Amino acid sequence: MTMNFPVSLGMRRVLPAVALASAIAALTGCVVAPAYPVVPQGEVVYAPAPPPPLRTEVIPVAPSPVHVWINGYWGWGGGRYVWTPGYWAVPPHRGHVWHPYRWQQGPQGWYRGGGRWGPR
């Protein structure tokens, strides 16, 4: 016994959209993320002199209890030091802390290291 249900023109337009939205929602759970964030490793940039002292920053109220303050730092660009202000960020994994940027002297000059999330 076949049952035929009357389907309106509006319903014929809505059903494909609902089916597409359902398929997209179901497939979003199929994304695979790496265990740790992938940070591109660029070439090391050397500066001829040490960076200026760190600036004192006024730290605003945290957006949430899980946010961590990342201090500002000096970067090297265009033949001079450039200040990047601090900001709030959420750790990528529970129990991870921010290992701040730091400048080190090497045989070819000063270079910046650190600046990554990692275990305590």
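Here the sequence shown stands for residues 520 to 639, where the numbers follow my numbering. Cβ atoms here follow ideal geometry from the backbone N, Cα and C, with glycine treated the same way. Since the structure is predicted, the reported quantities are computational estimates derived from the model, not experimental observations.
Exposure of residue i, with buried meaning 16 or more beta-carbon neighbours within 10 Å
i, result
"residue 568", "exposed"
"residue 657", "With the chain covering only 520 through 639, there is no way to say anything about residue 657."
"residue 532", "exposed"
Member of the options whose CA lies at the smallest distance from the CA of residue i
i, options, result
"residue 571", "580, 591, 584, 581", "591"
"residue 574", "633, 602, 626", "602"
"residue 578", "562, 617, 634, 605", "605"
"residue 587", "562, 594, 619, 593", "619"
"residue 582", "623, 631, 608, 632", "608"
"residue 617", "633, 627, 599", "633"
"residue 621", "595, 639, 576, 613", "595"
8 Å contact criterion, which residue i and residue j should meet: CB distance rounded
i, j, result
"residue 629", "residue 610", "Not a contact, Cβ separation roughly 28 Å."
"residue 653", "residue 584", "Any question about residue 653 goes unanswered here, given that the chain covers just 520 to 639."
Simplified DSSP assignment, three categories, for residue i
i, result
"residue 531", "helix"
"residue 633", "coil"
"residue 627", "coil"
"residue 638", "strand"
"residue 566", "strand"
(message) Just to confirm the assignment: which complete beta strand (DSSP E) runs, minimum length 3, are found wholly within the region 574–621?
(response) 587–589, 592–596, 599–603, 606–608, 615–618
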